[in-house]
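**Student:**
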Amino acid sequence: MSKNIFPFTSTSLRSLRLEQEFQEWDDARRALAHRRAMTRAPLPRPPRPPPRQQRLQEVRAPPPQIRCRDTAVHNTFMCGDMKGVYAVLKDPGMVNALMETVHEEMVWAPEMMWTMSSTVKQTSALRLAASRGHTACVEELLFRGAEVNADPGGNTALHDACIGGHSICVQLLLSHGADPDLLAADGSAPLHLCTSAQSFCAELLLEGGAEVNVRTRESRLTPLHVAARRGLEEHVELFLSHGADVLATNREGETPLNAACSGAERPSEAGRYLRVIQKLLDAGADARTAGRKQHTPLHNACANCCPRIVDVLLLHGAKADVTNCAGYTPMDCLLQMLKQCVLSPATVEVMLNSYSCLPPSEEHRCFFQLVRQRSAQPRSLQHLCRCALRQHLGARCHSVVSKLDIPSSVRNYLLLCNDGTLL
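Per our numbering, the sequence shown runs over residues 107 to 529.
1. Tell me which residue opens and which closes the alpha helix (DSSP H) that K385 is part of.
2. Report, in whole angstroms, the separation of the C-beta atoms of E371 and N410, which I expect to be a contact under 8 Å.
3. Between the stretch 241-252 and the stretch 296-304, do at least 3 Cβ pairs fall closer than 8 Å?
4. Let me know the secondary structure DSSP gives Q400 once reduced to three states.
5. Assign Q479 to one of three DSSP states: helix, strand, or coil.
6. Just confirm the distance between the C-beta atoms of L346 and A393, as a whole number of angstroms; I'd bet it's less than 8 Å.
7. Given K399, which residues of its chain have a CB within under 7 Å of its CB, disregarding the five upstream and five downstream residues?
8. From the DSSP output, read off the bridge partner residues of Q228.
9. Taking three-plus beta-carbon pairs below 8 Å as touching, is the stretch 257-270 in contact with the stretch 232-243?
10. So the alpha helix (DSSP H) A242 belongs to, where does it begin and stop?
11. Check T322 in the structure and name its three-state DSSP category.
12. Residues in its own chain within less than 6 Å of R414 by CB, not counting five upstream and five downstream?
13. Given that a residue counts as buried once 16 or more other Cβ atoms are within 10 Å of its Cβ, and exposed if not, what is C412?
14. Suppose you measure from the CA of E340 to the CA of G377; what does that come to, to the nearest Å?
15. Please classify V416: does DSSP put it in a helix, a strand, or coil?
16. Mind checking which residues open and close the alpha helix (DSSP H) that includes Y434?
17. For Q163, count neighbouring C-beta atoms within 10 Å of its own C-beta (all shown protein chains included) and say buried if the count is 16 or more, exposed if not.
18. Do E246 and V191 have their C-beta atoms closer together than 8 Å?
19. Got a sec? Which residues, its chain only, sit under 7 Å from C523 by beta carbon, not counting five neighbours each side?
20. Assuming M184 is part of the alpha helix (DSSP H), what are its boundary residues?
21. For the alpha helix (DSSP H) containing A308, list its first residue and its last residue.
22. Looking at C-alpha atoms only, which residue of D351, H180, S273 and M218 is the closest neighbour of K227?
23. Report the rounded CA-to-CA distance for W220 versus H209, giving the unit in angstroms.
24. Roughly how many whole angstroms lie between the Cα atoms of A178 and G199?
25. Hey, quick one: how far does the alpha helix (DSSP H) through R392 stretch, first residue to last?
26. Along the alpha helix (DSSP H) that carries E343, what are the first and last residues, could you check?
27. Counting C-beta neighbours from all protein chains within 10 Å, is the total for T225 16 or more, i.e. buried, or is it exposed?
28. Under DSSP, the alpha helix (DSSP H) around D489 begins and ends at which residues?
29. Are the beta-carbon atoms of G423 and G315 separated by less than 8 Å?
30. Please report how far the alpha carbon of G186 lies from the alpha carbon of S374, in whole angstroms.
31. What residues in its chain sit with their C-beta under 7 Å from that of L419, if we drop five residues either side in the sequence?
32. From A334 to S273, what does the alpha carbon distance come to, in whole angstroms?
33. Can at least three beta-carbon pairs, one atom from the stretch 277-290 and one from the stretch 310-324, be found at a separation below 8 Å?
34. Quick check: the Cα distance between A167 and A389, rounded to an integer number of angstroms?
35. Spell out the partners DSSP gives C174 in its beta bridges.
36. According to DSSP, simplified to helix, strand and coil, what is A256?
Listed below in C-alpha coordinates is the structure:
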(Lines of atoms letter the chains of each structure in order from A; the text may use other names.)
(Lines give C-alpha, C1' and ligand atoms only; values in the text may rest on other atoms or scores of the structure.)
Protein backbone atom coordinates (compact mmCIF):
# COMPACT_ATOMS: atom_id res chain seq x y z
CA MET A 107 0.00 0.00 0.00
CA SER A 108 2.81 2.34 0.84
CA LYS A 109 4.18 1.88 -2.67
CA ASN A 110 1.15 3.72 -4.14
CA ILE A 111 1.54 6.75 -1.85
CA PHE A 112 3.81 9.67 -2.73
CA PRO A 113 4.54 12.76 -0.60
CA PHE A 114 3.30 16.18 -1.70
CA THR A 115 5.81 19.02 -1.83
CA SER A 116 5.04 22.33 -0.13
CA THR A 117 4.47 23.95 -3.53
CA SER A 118 1.97 21.26 -4.55
CA LEU A 119 0.09 21.55 -1.26
CA ARG A 120 -0.04 25.31 -1.62
CA SER A 121 -1.43 25.06 -5.18
CA LEU A 122 -4.07 22.57 -4.05
CA ARG A 123 -5.07 24.82 -1.15
CA LEU A 124 -5.40 27.84 -3.46
CA GLU A 125 -7.45 25.79 -5.90
CA GLN A 126 -9.78 24.68 -3.08
CA GLU A 127 -10.19 28.26 -1.82
CA PHE A 128 -10.93 29.47 -5.33
CA GLN A 129 -13.55 26.74 -5.81
CA GLU A 130 -15.22 27.62 -2.49
CA TRP A 131 -15.25 31.31 -3.46
CA ASP A 132 -16.82 30.49 -6.83
CA ASP A 133 -19.53 28.33 -5.20
CA ALA A 134 -20.36 31.12 -2.77
CA ARG A 135 -20.57 33.62 -5.62
CA ARG A 136 -22.92 31.40 -7.61
CA ALA A 137 -25.14 30.84 -4.54
CA LEU A 138 -25.33 34.57 -3.88
CA ALA A 139 -26.23 35.30 -7.51
CA HIS A 140 -28.97 32.64 -7.41
CA ARG A 141 -30.36 34.07 -4.15
CA ARG A 142 -30.48 37.59 -5.59
CA ALA A 143 -32.22 36.36 -8.73
CA MET A 144 -34.89 34.54 -6.69
CA THR A 145 -35.62 37.55 -4.46
CA ARG A 146 -35.76 40.13 -7.27
CA ALA A 147 -39.17 41.65 -7.94
CA PRO A 148 -40.80 40.39 -11.15
CA LEU A 149 -40.64 42.67 -14.18
CA PRO A 150 -43.86 44.44 -15.25
CA ARG A 151 -45.80 42.89 -18.07
CA PRO A 152 -44.90 44.25 -21.48
CA PRO A 153 -47.50 46.46 -23.19
CA ARG A 154 -49.82 44.89 -25.68
CA PRO A 155 -48.67 45.08 -29.28
CA PRO A 156 -50.70 47.40 -31.54
CA PRO A 157 -53.19 45.94 -33.97
CA ARG A 158 -51.74 44.19 -36.99
CA GLN A 159 -52.43 47.06 -39.34
CA GLN A 160 -50.58 49.54 -37.06
CA ARG A 161 -47.44 47.50 -36.58
CA LEU A 162 -44.26 49.08 -37.91
CA GLN A 163 -42.32 47.29 -40.55
CA GLU A 164 -39.83 44.92 -38.95
CA VAL A 165 -36.17 45.95 -39.33
CA ARG A 166 -33.74 43.10 -39.46
CA ALA A 167 -30.54 43.42 -37.50
CA PRO A 168 -27.32 43.33 -39.53
CA PRO A 169 -25.57 39.99 -39.59
CA PRO A 170 -22.76 39.54 -37.05
CA GLN A 171 -19.33 40.65 -38.24
CA ILE A 172 -16.99 37.90 -39.38
CA ARG A 173 -13.82 37.40 -37.33
CA CYS A 174 -10.91 35.91 -39.22
CA ARG A 175 -7.78 34.56 -37.50
CA ASP A 176 -6.38 32.76 -40.54
CA THR A 177 -2.85 34.07 -41.09
CA ALA A 178 -2.98 32.96 -44.72
CA VAL A 179 -5.88 35.37 -45.31
CA HIS A 180 -4.00 38.15 -43.48
CA ASN A 181 -0.92 37.59 -45.65
CA THR A 182 -3.05 37.73 -48.78
CA PHE A 183 -4.02 41.35 -48.09
CA MET A 184 -0.61 42.29 -46.68
CA CYS A 185 1.15 41.02 -49.82
CA GLY A 186 -1.42 42.41 -52.24
CA ASP A 187 -1.95 39.03 -53.92
CA MET A 188 -4.91 39.95 -56.13
CA LYS A 189 -5.58 36.36 -57.15
CA GLY A 190 -5.90 35.41 -53.51
CA VAL A 191 -7.90 38.57 -52.76
CA TYR A 192 -10.51 37.67 -55.38
CA ALA A 193 -10.77 34.17 -53.90
CA VAL A 194 -11.23 35.48 -50.34
CA LEU A 195 -13.77 38.12 -51.36
CA LYS A 196 -16.10 35.54 -52.89
CA ASP A 197 -17.64 35.70 -49.44
CA PRO A 198 -19.07 39.27 -49.27
CA GLY A 199 -18.76 39.29 -45.50
CA MET A 200 -14.96 39.17 -45.74
CA VAL A 201 -14.84 42.74 -47.08
CA ASN A 202 -15.39 44.19 -43.60
CA ALA A 203 -14.24 41.17 -41.58
CA LEU A 204 -12.21 41.70 -38.44
CA MET A 205 -8.70 40.35 -38.92
CA GLU A 206 -7.54 39.14 -35.50
CA THR A 207 -4.18 37.97 -34.28
CA VAL A 208 -3.80 36.29 -30.89
CA HIS A 209 -0.69 36.68 -28.74
CA GLU A 210 -0.13 34.39 -25.77
CA GLU A 211 1.79 35.74 -22.80
CA MET A 212 2.33 34.84 -19.16
CA VAL A 213 0.71 37.15 -16.58
CA TRP A 214 0.68 37.15 -12.80
CA ALA A 215 -2.86 36.26 -11.70
CA PRO A 216 -4.64 37.37 -8.48
CA GLU A 217 -4.43 33.73 -7.36
CA MET A 218 -0.68 34.33 -6.87
CA MET A 219 0.43 32.19 -9.79
CA TRP A 220 1.52 32.63 -13.39
CA THR A 221 -1.16 31.95 -15.98
CA MET A 222 -1.32 32.07 -19.76
CA SER A 223 -3.29 35.06 -21.07
CA SER A 224 -4.40 35.77 -24.63
CA THR A 225 -4.20 39.27 -26.15
CA VAL A 226 -6.22 39.85 -29.31
CA LYS A 227 -5.21 42.58 -31.76
CA GLN A 228 -7.70 43.61 -34.43
CA THR A 229 -7.37 45.16 -37.86
CA SER A 230 -9.18 44.95 -41.19
CA ALA A 231 -8.43 43.92 -44.74
CA LEU A 232 -8.51 47.56 -45.84
CA ARG A 233 -6.04 48.54 -43.11
CA LEU A 234 -3.67 45.71 -44.03
CA ALA A 235 -3.65 46.66 -47.70
CA ALA A 236 -3.37 50.41 -47.07
CA SER A 237 -0.49 50.01 -44.60
CA ARG A 238 1.56 48.24 -47.30
CA GLY A 239 0.53 50.57 -50.14
CA HIS A 240 -1.24 47.94 -52.28
CA THR A 241 -3.30 50.31 -54.43
CA ALA A 242 -5.14 47.65 -56.47
CA CYS A 243 -6.18 45.78 -53.35
CA VAL A 244 -7.40 48.98 -51.64
CA GLU A 245 -9.35 49.94 -54.75
CA GLU A 246 -11.00 46.51 -54.97
CA LEU A 247 -12.03 46.57 -51.30
CA LEU A 248 -13.50 50.07 -51.62
CA PHE A 249 -15.37 49.02 -54.76
CA ARG A 250 -16.91 46.12 -52.85
CA GLY A 251 -18.13 48.38 -50.05
CA ALA A 252 -15.39 48.37 -47.43
CA GLU A 253 -16.09 50.82 -44.58
CA VAL A 254 -13.54 53.54 -45.22
CA ASN A 255 -13.72 55.07 -41.70
CA ALA A 256 -13.78 51.79 -39.76
CA ASP A 257 -11.13 51.77 -37.04
CA PRO A 258 -10.67 48.24 -35.68
CA GLY A 259 -7.65 48.27 -33.43
CA GLY A 260 -7.77 52.06 -33.03
CA ASN A 261 -6.60 53.25 -36.47
CA THR A 262 -8.35 53.75 -39.78
CA ALA A 263 -6.91 52.77 -43.14
CA LEU A 264 -6.12 56.47 -43.75
CA HIS A 265 -3.95 56.56 -40.62
CA ASP A 266 -2.02 53.49 -41.78
CA ALA A 267 -1.55 54.86 -45.30
CA CYS A 268 -0.16 58.12 -43.91
CA ILE A 269 2.24 56.27 -41.59
CA GLY A 270 3.64 54.39 -44.58
CA GLY A 271 3.69 57.47 -46.82
CA HIS A 272 1.53 55.80 -49.50
CA SER A 273 0.12 58.86 -51.26
CA ILE A 274 -1.91 56.99 -53.91
CA CYS A 275 -3.72 55.00 -51.23
CA VAL A 276 -4.37 58.25 -49.33
CA GLN A 277 -5.90 59.76 -52.46
CA LEU A 278 -8.10 56.69 -53.01
CA LEU A 279 -9.36 56.70 -49.43
CA LEU A 280 -10.11 60.42 -49.46
CA SER A 281 -12.01 60.12 -52.75
CA HIS A 282 -14.21 57.46 -51.12
CA GLY A 283 -15.13 59.63 -48.15
CA ALA A 284 -12.39 59.04 -45.58
CA ASP A 285 -12.47 61.61 -42.76
CA PRO A 286 -9.13 63.51 -42.82
CA ASP A 287 -9.56 64.77 -39.24
CA LEU A 288 -10.64 61.54 -37.52
CA LEU A 289 -8.55 60.89 -34.43
CA ALA A 290 -7.03 57.49 -33.78
CA ALA A 291 -7.14 55.70 -30.45
CA ASP A 292 -3.89 57.39 -29.42
CA GLY A 293 -5.35 60.82 -30.26
CA SER A 294 -3.46 61.42 -33.51
CA ALA A 295 -5.01 62.76 -36.71
CA PRO A 296 -3.71 61.60 -40.12
CA LEU A 297 -1.75 64.86 -40.50
CA HIS A 298 0.25 64.06 -37.36
CA LEU A 299 1.33 60.77 -38.92
CA CYS A 300 2.73 62.27 -42.14
CA THR A 301 6.40 61.98 -41.17
CA SER A 302 8.00 60.70 -44.38
CA ALA A 303 10.58 62.83 -46.17
CA GLN A 304 8.11 63.87 -48.89
CA SER A 305 5.00 65.89 -48.16
CA PHE A 306 2.69 64.32 -50.77
CA CYS A 307 0.35 62.73 -48.22
CA ALA A 308 0.08 65.95 -46.21
CA GLU A 309 -0.74 67.89 -49.39
CA LEU A 310 -3.53 65.46 -50.26
CA LEU A 311 -4.98 65.67 -46.76
CA LEU A 312 -5.02 69.47 -46.80
CA GLU A 313 -6.63 69.47 -50.25
CA GLY A 314 -9.19 67.03 -48.87
CA GLY A 315 -10.24 69.47 -46.14
CA ALA A 316 -7.97 68.50 -43.23
CA GLU A 317 -7.60 71.09 -40.46
CA VAL A 318 -4.00 72.33 -40.46
CA ASN A 319 -4.10 73.19 -36.75
CA VAL A 320 -5.77 69.96 -35.57
CA ARG A 321 -4.42 68.87 -32.17
CA THR A 322 -3.72 65.51 -30.61
CA ARG A 323 -6.09 64.52 -27.83
CA GLU A 324 -3.68 64.39 -24.88
CA SER A 325 -0.47 66.30 -25.66
CA ARG A 326 -2.24 69.01 -27.74
CA LEU A 327 0.36 68.84 -30.52
CA THR A 328 -0.31 70.40 -33.92
CA PRO A 329 1.06 68.94 -37.17
CA LEU A 330 3.54 71.84 -37.21
CA HIS A 331 4.89 70.69 -33.83
CA VAL A 332 5.47 67.18 -35.18
CA ALA A 333 7.08 68.38 -38.42
CA ALA A 334 9.36 70.82 -36.58
CA ARG A 335 10.38 68.19 -34.02
CA ARG A 336 11.42 65.83 -36.82
CA GLY A 337 13.06 68.53 -38.94
CA LEU A 338 10.72 68.00 -41.93
CA GLU A 339 11.47 71.07 -44.02
CA GLU A 340 8.88 70.43 -46.76
CA HIS A 341 6.11 69.78 -44.24
CA VAL A 342 6.90 72.93 -42.24
CA GLU A 343 6.79 75.05 -45.39
CA LEU A 344 3.53 73.39 -46.49
CA PHE A 345 1.78 73.87 -43.13
CA LEU A 346 2.90 77.50 -42.90
CA SER A 347 1.58 78.19 -46.40
CA HIS A 348 -1.82 76.82 -45.29
CA GLY A 349 -2.04 79.09 -42.27
CA ALA A 350 -0.54 76.94 -39.50
CA ASP A 351 -0.30 78.78 -36.19
CA VAL A 352 3.41 79.28 -35.54
CA LEU A 353 2.68 80.42 -31.96
CA ALA A 354 0.49 77.42 -31.03
CA THR A 355 1.50 75.80 -27.74
CA ASN A 356 1.17 72.19 -26.67
CA ARG A 357 0.24 70.89 -23.22
CA GLU A 358 3.70 71.84 -21.93
CA GLY A 359 3.43 75.37 -23.33
CA GLU A 360 6.02 74.76 -26.05
CA THR A 361 5.80 76.20 -29.56
CA PRO A 362 6.98 74.55 -32.81
CA LEU A 363 10.21 76.56 -32.45
CA ASN A 364 10.86 74.88 -29.08
CA ALA A 365 10.20 71.52 -30.71
CA ALA A 366 12.62 72.19 -33.58
CA CYS A 367 15.42 73.33 -31.25
CA SER A 368 15.01 70.28 -29.02
CA GLY A 369 15.00 67.91 -32.01
CA ALA A 370 18.37 69.02 -33.39
CA GLU A 371 20.33 66.41 -31.45
CA ARG A 372 22.69 65.06 -34.14
CA PRO A 373 25.39 67.30 -35.60
CA SER A 374 24.82 65.76 -39.04
CA GLU A 375 21.22 67.05 -39.04
CA ALA A 376 21.99 70.56 -37.76
CA GLY A 377 21.77 72.12 -41.22
CA ARG A 378 18.29 70.72 -41.87
CA TYR A 379 17.00 71.87 -38.51
CA LEU A 380 18.61 75.29 -39.02
CA ARG A 381 16.56 75.79 -42.20
CA VAL A 382 13.38 74.72 -40.39
CA ILE A 383 14.09 77.13 -37.53
CA GLN A 384 14.77 79.95 -39.97
CA LYS A 385 11.40 79.35 -41.67
CA LEU A 386 9.62 79.42 -38.32
CA LEU A 387 11.34 82.64 -37.30
CA ASP A 388 10.53 84.25 -40.66
CA ALA A 389 6.88 83.28 -40.13
CA GLY A 390 6.75 85.13 -36.80
CA ALA A 391 7.95 82.64 -34.20
CA ASP A 392 9.15 84.20 -30.96
CA ALA A 393 12.68 83.15 -30.00
CA ARG A 394 12.00 84.07 -26.36
CA THR A 395 8.90 81.91 -25.82
CA ALA A 396 9.38 79.51 -22.92
CA GLY A 397 7.35 76.46 -21.94
CA ARG A 398 5.83 75.77 -18.56
CA LYS A 399 9.25 74.88 -17.19
CA GLN A 400 10.60 78.20 -18.52
CA HIS A 401 12.78 76.28 -20.96
CA THR A 402 13.42 78.50 -23.98
CA PRO A 403 14.53 77.49 -27.49
CA LEU A 404 18.00 78.77 -26.60
CA HIS A 405 18.17 76.33 -23.67
CA ASN A 406 17.41 73.46 -26.07
CA ALA A 407 19.90 74.62 -28.69
CA CYS A 408 22.66 74.98 -26.11
CA ALA A 409 21.88 71.57 -24.60
CA ASN A 410 22.28 70.06 -28.10
CA CYS A 411 25.50 72.04 -28.78
CA CYS A 412 24.24 73.62 -32.02
CA PRO A 413 26.30 76.83 -32.48
CA ARG A 414 24.63 77.96 -35.71
CA ILE A 415 21.16 77.60 -34.23
CA VAL A 416 22.30 79.45 -31.11
CA ASP A 417 23.61 82.27 -33.29
CA VAL A 418 20.30 82.56 -35.19
CA LEU A 419 18.28 82.62 -31.98
CA LEU A 420 20.48 85.33 -30.49
CA LEU A 421 20.11 87.41 -33.63
CA HIS A 422 16.30 87.17 -33.23
CA GLY A 423 16.25 88.45 -29.68
CA ALA A 424 16.81 85.35 -27.54
CA LYS A 425 18.19 86.24 -24.12
CA ALA A 426 21.27 84.38 -22.94
CA ASP A 427 20.80 85.20 -19.24
CA VAL A 428 17.26 83.89 -18.77
CA THR A 429 16.85 80.96 -16.36
CA ASN A 430 14.46 78.02 -16.47
CA CYS A 431 12.49 76.70 -13.49
CA ALA A 432 15.57 74.78 -12.32
CA GLY A 433 17.63 77.98 -12.30
CA TYR A 434 19.74 77.01 -15.34
CA THR A 435 20.77 79.49 -18.02
CA PRO A 436 21.47 78.36 -21.59
CA MET A 437 25.18 78.36 -20.74
CA ASP A 438 24.47 76.01 -17.83
CA CYS A 439 22.76 73.62 -20.23
CA LEU A 440 25.76 73.78 -22.54
CA LEU A 441 28.17 72.89 -19.74
CA GLN A 442 25.93 70.44 -17.91
CA MET A 443 27.51 67.29 -19.33
CA LEU A 444 31.02 68.61 -18.73
CA LYS A 445 30.02 69.61 -15.20
CA GLN A 446 28.73 66.13 -14.45
CA CYS A 447 31.95 64.54 -15.69
CA VAL A 448 34.12 66.93 -13.66
CA LEU A 449 32.14 66.17 -10.49
CA SER A 450 32.76 62.46 -11.00
CA PRO A 451 36.48 61.81 -11.57
CA ALA A 452 35.86 58.11 -11.17
CA THR A 453 33.59 58.19 -14.23
CA VAL A 454 36.24 60.00 -16.26
CA GLU A 455 38.82 57.47 -15.06
CA VAL A 456 36.71 54.53 -16.22
CA MET A 457 36.12 56.17 -19.59
CA LEU A 458 39.80 56.90 -20.16
CA ASN A 459 40.84 53.42 -19.03
CA SER A 460 38.51 51.90 -21.63
CA TYR A 461 40.84 53.12 -24.42
CA SER A 462 43.96 51.23 -25.47
CA CYS A 463 45.62 54.63 -25.71
CA LEU A 464 44.37 58.02 -24.58
CA PRO A 465 42.57 59.88 -27.38
CA PRO A 466 44.28 63.08 -28.55
CA SER A 467 42.94 66.27 -26.98
CA GLU A 468 44.79 68.85 -29.06
CA GLU A 469 41.68 70.13 -30.87
CA HIS A 470 40.56 73.53 -29.53
CA ARG A 471 43.31 73.32 -26.91
CA CYS A 472 44.27 77.00 -27.24
CA PHE A 473 40.71 78.13 -26.88
CA PHE A 474 40.07 76.16 -23.69
CA GLN A 475 43.36 77.35 -22.22
CA LEU A 476 42.15 80.88 -22.90
CA VAL A 477 38.87 80.10 -21.13
CA ARG A 478 40.81 78.89 -18.07
CA GLN A 479 42.85 82.06 -18.04
CA ARG A 480 39.75 84.27 -18.27
CA SER A 481 37.85 82.38 -15.54
CA ALA A 482 36.93 84.59 -12.55
CA GLN A 483 38.78 87.52 -14.21
CA PRO A 484 37.16 90.92 -15.00
CA ARG A 485 36.21 91.35 -18.66
CA SER A 486 37.72 94.09 -20.78
CA LEU A 487 36.09 97.50 -21.17
CA GLN A 488 35.72 96.81 -24.88
CA HIS A 489 33.69 93.68 -24.20
CA LEU A 490 31.53 95.46 -21.60
CA CYS A 491 30.74 98.20 -24.12
CA ARG A 492 29.69 95.53 -26.62
CA CYS A 493 27.39 93.91 -24.04
CA ALA A 494 25.80 97.25 -23.19
CA LEU A 495 25.18 98.08 -26.86
CA ARG A 496 23.68 94.66 -27.65
CA GLN A 497 21.45 94.83 -24.57
CA HIS A 498 20.24 98.29 -25.59
CA LEU A 499 19.39 97.21 -29.15
CA GLY A 500 17.84 93.88 -28.13
CA ALA A 501 16.11 92.07 -31.01
CA ARG A 502 17.03 94.92 -33.39
CA CYS A 503 20.76 94.31 -32.92
CA HIS A 504 21.39 92.39 -36.15
CA SER A 505 19.35 94.71 -38.39
CA VAL A 506 20.71 97.94 -36.89
CA VAL A 507 24.39 96.99 -36.71
CA SER A 508 24.34 95.63 -40.26
CA LYS A 509 23.31 99.10 -41.53
CA LEU A 510 26.00 101.03 -39.62
CA ASP A 511 28.77 102.63 -41.67
CA ILE A 512 31.60 101.12 -39.64
CA PRO A 513 34.57 98.87 -40.46
CA SER A 514 33.68 95.24 -41.06
CA SER A 515 35.91 94.10 -38.19
CA VAL A 516 33.93 96.24 -35.73
CA ARG A 517 30.63 95.08 -37.23
CA ASN A 518 31.62 91.43 -36.91
CA TYR A 519 32.75 92.03 -33.34
CA LEU A 520 29.38 93.54 -32.41
CA LEU A 521 27.54 90.65 -34.10
CA LEU A 522 29.53 88.05 -32.11
CA CYS A 523 31.21 86.52 -35.14
CA ASN A 524 33.62 83.78 -34.07
CA ASP A 525 37.28 84.79 -34.19
CA GLY A 526 38.71 82.55 -31.47
CA THR A 527 39.35 85.34 -28.94
CA LEU A 528 37.97 86.20 -25.51
CA LEU A 529 38.36 89.78 -24.30
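All residues carry an ideal CB built from backbone N, CA and C; glycine is no exception.
**Tutor:** According to the structure data:
1. A376 to D388
2. 5 Å
3. no
4. Note: Q400 maps to coil in three-state DSSP.
5. helix
6. At roughly 17 Å, the Cβ-Cβ gap does not stay under 8 Å, so L346 and A393 are not in contact.
7. N430 and C431, listed in sequence order.
8. E206
9. yes
10. T241 to F249
11. coil
12. L380
13. buried
14. Straight through space, the alpha carbons of G377 and E340 are spaced by roughly 14 Å.
15. helix
16. Unbroken run through Y434: none, as it is neither H nor E.
17. Note that Q163 scores 44 on pLDDT, short of 50, meaning its location in the model is unreliable and no value can be drawn from it.
18. Yes, these two residues count as a Cβ contact at 8 Å.
19. Correct list: empty, nothing qualifies.
20. T177 to C185
21. F306 to E313
22. H180
23. 16 Å
24. 17 Å
25. Looking at the sequence itself, residue 392 is Asp, so the reference to Arg does not match. No alpha helix (DSSP H) holds D392; DSSP gives it neither H nor E.
26. It spans E339 to S347 - the alpha helix (DSSP H) in which E343 sits, taken as one unbroken run.
27. exposed
28. A small fix is needed here, since residue 489 is His in this sequence, not Asp. Residues L487 to L499.
29. Judged by their CB atoms, G423 and G315 are not nearer to each other than the 8 Å cut-off.
30. In a straight line, the C-alpha of G186 is about 38 Å away from that of S374.
31. A393, P403, L404 and A407
32. Here the alpha carbon of A334 sits roughly 21 Å from the alpha carbon of S273.
33. yes
34. The predicted model places A167 with a pLDDT of 45, which falls under 50 and marks its position as unreliable; any figure quoted below should be read in that light. If you draw a straight line from the Cα of A167 to the Cα of A389, it is about 55 Å long.
35. M205
36. DSSP places A256 in coil when its eight states are reduced to three.
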